[in-house]
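Each step along the sequence shown adds one to the number in UniProt numbering, with nothing skipped, and position 181 is 181.
Below: the structure, in structure tokens.
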Amino acid sequence: MDGQVARLGEFMVAEEKTLPVLHDVKEASKHPYFDMITHAYDIAVLELVTKVAYTDNIRPICIVWDRSWKRYIDSIQILSGPVRGKPENENDGGNRIVDIRRQSPEWCHNYMGTFRENTSSSMICAGDTKSKLCNADSSSPLGAMVVHKKIQRYVQIGIATMNQRCNMPSIYTDVLSHMDFILRAWRYYSKGHSSSESSSAKKSPTNQK
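Below, the structure written as structure tokens:
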């Protein structure tokens, strides 16, 4: 796709004295029900032109596919994610991994007026006055350490969507709630289909006027 690139390995580059790696995007499949006003269904799957080479700065991240984990994942109250802060020295890029507390959907609704009853189950409200999430890049990960087969893994639970004001909670897309979309797009790409096929769907009943 003309002009669209994915930047990989950017978050920790200041410490490694390396540059982020750019990959051209071949296909982009956004969720067919994406709502720009409420940021509901704010998720997309990208197919890159070239394969990704893993390095110390570029690694895969785990996600939970099994929806039976939903109750457990939702019970995790202390999550973590990256934010950009003030550099402490010339070798410090100002990037930080901070703890981010999960909040009730009502809190984000009261502060931001964004949550709706029919979309809050697919979104996560997290953060407080200590998190400074206005400095979190859009689409940065929100996750937690999860034990799977007696091994601890960092699992991505959310994707940063928006924060209108500093020192307030932020909204994240709930990854597990969109697993059907993720798997559908992945299967289409793996079979050589285009993004238009993977994104095609009837209008959501919740979005009908």
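We put the CB at the ideal spot given by N, CA and C, even for glycine.
Please read all numbers here as calculations on a predicted model, not as lab measurements.
Opening and closing residue of the alpha helix (DSSP H) in which residue i lies
i, result
"I182", "179-190"
"Q75", "A small correction: the amino acid at residue 75 is Ser; Gln does not occupy that position in the sequence shown. Looking at the DSSP string, the run of the alpha helix (DSSP H) that includes S75 is 70-75."
Rounded distance between the beta-carbons of residue j and residue i, thought under 8 Å
i, j, result
"G143", "L48", "Not really, about 22 Å apart at Cβ, beyond 8 Å."
"P141", "I159", "7 Å"
"R96", "P105", "At roughly 26 Å, the Cβ-Cβ gap does not stay under 8 Å, so R96 and P105 are not in contact."
"Y172", "T161", "6 Å"
"P169", "A126", "6 Å"
"V45", "S29", "5 Å"
"V21", "I76", "Between I76 and V21 the Cβ distance is about 31 Å, and since that is not below 8 Å, they are no contact."
"R101", "D128", "6 Å"
"T55", "G9", "7 Å"
Residues that residue i bridges to, as DSSP identifies them
i, result
"G81", "V98"
"T173", "M123, I159"
"V25", "L48"
"L19", "DSSP, once it has assigned bridges, lists no residue as partnering L19."
"residue 214", "Residue 214 is absent from the structure shown; the chain starts at 1 and stops at 209."
"V146", "R153"
"P105", "For P105, which the question treats as bridged, DSSP gives no partner whatsoever."
Status (buried if at least 16 other CB within 10 Å, exposed otherwise) for residue i
i, result
"V175", "buried"
"T38", "buried"
"V147", "exposed"
"G3", "exposed"
"A53", "exposed"
"D180", "exposed"
"R187", "exposed"
"M145", "exposed"
"Y41", "buried"
"S138", "exposed"
"I73", "buried"
"R71", "exposed"
"I151", "exposed"
"R7", "exposed"
"S177", "buried"
"S120", "buried"
"R67", "exposed"
"C62", "exposed"
"K209", "Model confidence at K209 stands at a pLDDT of 32, short of 50, so the residue's coordinates are unreliable and nothing is read from them."
N- and C-terminal bounds of the beta strand (DSSP E) containing residue i
i, result
"residue 242", "Residue 242 is absent from the model: the chain starts at 1 and stops at 209."
"P60", "Here P60 belongs to no beta strand (DSSP E), and DSSP marks it neither H nor E."
The ligand ZN heavy atom lying under 7 Å from the CB of residue i
i, result
"R67", "No copy of the ligand ZN occurs in the structure displayed, which carries no ligand at all."
Residue-chain proximity (residue i, chain C), Cβ-Cβ < 8 Å
i, result
"H39", "Note that chain C does not occur in the displayed structure, where there is just one protein chain."
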